[in-house]
Ligand SMILES: [Fe+2]
Ligand SMILES: [Fe+2]
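If you want it as structure tokens, here you go:
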């Protein structure tokens, strides 16, 4: 029976994936939002990601009252919405996917080069934060950045299930660092909480005043971390974070120091400007290299995950820059020392 059932599952198609939604108006509304994504309607993007972020919040929270039927329907709906979005994003990164080398050593070099020439690298937003942003502007930036539902620790925990021992060891090491090596004061999310509290911010309880772009980033990370079929994308996306975070964290840290925060308050950024350098080395040696050796076909999904993550990040930097009211030439070289914000203007949203 098991083999027949697995065969059936592998070939099953869902004629109407939203059939379980009884309310016709609600179903039409949802279908229109999905249609809007394909037509690149800004309002549909916003509606979609606010909705998915809220569903993810419910889906990931511990809830004794949730029935198994509700949970199954919720997981199904999230999975369906997530695949819609991944399909949308895949089309956007397709040109870059053509550049991915198929040979292992060349691929590692290509991955590492994303630090310089990947989407969003050297974005002038970070020079602005380092040299000019006010306390109020940092308040805005941190509010957007901490709107994500799943932290790095949870994403690692979700991704590591059923990985080979050598990969699991590295992910466990990384997770242990996230946990402050066993000291509550050192737990990374705890350190970030300390920082946002100094701005009188708390972890988001709603998403009304959050742009859809950081929610899209968070939704994408959850989409790949919660699916075994997207394991390699999650590995690529998490690796891209480790690779590229130090430069950004350094700039944010400089800005927080400049506006007068104490080193204890901005320690989260100081730490990640250094620690993620070694996390990337570990990821490269103990995760990417052995996974690629074990399964050469993993190159493309790993590359896809990295590009999806960097693309989503760049979209955030763009909307933050627009909101902060400074403009820049998108064609400028992606290097902090040569990129300068051109002028300040009034807030536009
Ligand atoms: Fe961390
Ligand atoms: Fe890290």
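Numbering (our numbering), first residue to last: 385 to 733. Think of the CB as a built atom: it goes at the ideal place given N, C-alpha and C, for glycine as much as any other residue. Please read these numbers as outputs of a predicted model, since none were measured by experiment.
| Asked | Found |
| --- | --- |
| Please look up how many angstroms separate the CB atoms of residue 509 and residue 650, rounded, as I've assumed it's under 8 angstroms. | Contact doesn't hold; Cβ gap of about 17 angstroms is too wide. |
| Could you say which of 536, 460, 583, 545 lies nearest to residue 520 if we only look at CA atoms? | 583 |
| Is it buried or exposed, residue 726, if we count other Cβ atoms within 10 angstroms and call 16 or more buried? | With a pLDDT of only 34 at residue 726, under the threshold of 50, the placement of this residue in the model should not be trusted, and no figure is reported. |
| What does a CB cutoff of less than 7 angstroms around residue 400 pick up in its chain, not counting 5 residues either side in sequence? | none |
| Quick one: using the 10 Å Cβ neighbour count with 16 as the cut-off for buried, is residue 683 buried or exposed? | buried |
| Using DSSP with H/G/I as helix, E/B as strand and the rest coil, what is residue 391? | helix |
| Roughly how many angstroms separate the alpha carbons of residue 474 and residue 492, rounded to a whole number? | 21 angstroms |
| Between the C-alpha atoms of residue 707 and residue 386, what's the straight-line distance to the nearest angstrom? | 55 angstroms |
| In chain order, what residues of the same chain have a beta carbon less than 7 angstroms from the beta carbon of residue 634, not counting five sequence neighbours either side? | 657 |
| Let me check you understand the geometry: is the CB of residue 418 closer than 8 angstroms to at least one non-hydrogen atom of ligand 2? | no |
| To which residues of the same chain is residue 534 closer than 8 angstroms at the C-beta, ignoring the five residues directly before and after it? | 440, 444, 542, 602, 605, 606, 609 |
| By the DSSP assignment, the alpha helix (DSSP H) with residue 464 in it spans what residues? | 452-481 |
| Please report how far the alpha carbon of residue 571 lies from the alpha carbon of residue 641, in whole angstroms. | 21 angstroms |
| Would you kindly check if the distance between the Cβ of residue 562 and the Cβ of residue 593 is under 9 angstroms? | no |
| So is residue 514 buried or exposed if we call it buried at 16+ other beta carbons inside 10 Å? | buried |
| Quick one: which unbroken alpha helix (DSSP H) runs of 4-plus residues sit fully inside the region 499-542? Chain order, please. | 508-515, 519-529 |
| Could you tell me the alpha carbon to alpha carbon distance between residue 662 and residue 528, rounded to whole angstroms? | 27 angstroms |
| May I ask which residues mark the beginning and end of the alpha helix (DSSP H) holding residue 643? | From DSSP, residue 643 is part of no alpha helix (DSSP H); its letter is neither H nor E. |
| Which residue's Cα is closest to the Cα of residue 464: 660, 644, 546, 611? | 611 |
| If you run the structure through DSSP and keep just helix, strand and coil, what is residue 710? | strand |
| Which residue from 660, 637, 667, 668 puts its Cα closest to that of residue 517? | 637 |
| If you compare alpha carbons, which of 421, 626, 410, 581 is closest to residue 554? | 626 |
| What residue does the alpha helix (DSSP H) around residue 674 start on, and which one ends it? | 673-678 |
| In angstroms, rounded to a whole number, what distance separates the CA positions of residue 459 and residue 469? | 15 angstroms |
| Give me, in chain order, the residues of the same chain whose beta-carbon lies closer than 8 angstroms to that of residue 457; leave out the 5 immediate sequence neighbours on both sides. | 404 |
| With hydrogens ignored, establish whether the beta-carbon of residue 558 is closer than 8 angstroms to any heavy atom of ligand 2. | yes |
| Do residue 568 and ligand 1 come close, with the Cβ less than 8 angstroms from some heavy atom? | no |
| Can you tell me whether residue 618 is buried or exposed, with buried defined as 16 or more other CB within 10 angstroms of its CB? | buried |
| Between residue 693 and the rest of its own chain, which residues show a CB-CB distance below 6 angstroms, the 5 nearest in sequence each way excluded? | 621, 624 |
| Which residues in the same chain have their Cβ closer than 8 angstroms to the Cβ of residue 730, if we skip the five residues on either side of it in sequence? | Any reading at residue 730 needs caution, since the residue's pLDDT is 37, under 50, leaving its predicted position unreliable; the model's value is listed next. The answer, listed in chain order, is 709. |
| Can you tell me whether residue 554 sits near ligand 1, meaning its C-beta is under 8 angstroms from at least one heavy atom of the ligand? | no |
| Taking the straight line between their C-alpha atoms, what separation do you get for residue 419 and residue 409? | 15 angstroms |
| Are residue 425 and residue 600 touching if we call contact CB-CB under 9 angstroms? | no |
| Could you name the residues of the same chain whose beta carbon sits closer than 7 angstroms to that of residue 557, not counting the 5 residues immediately before and after it, in chain order? | 666 |
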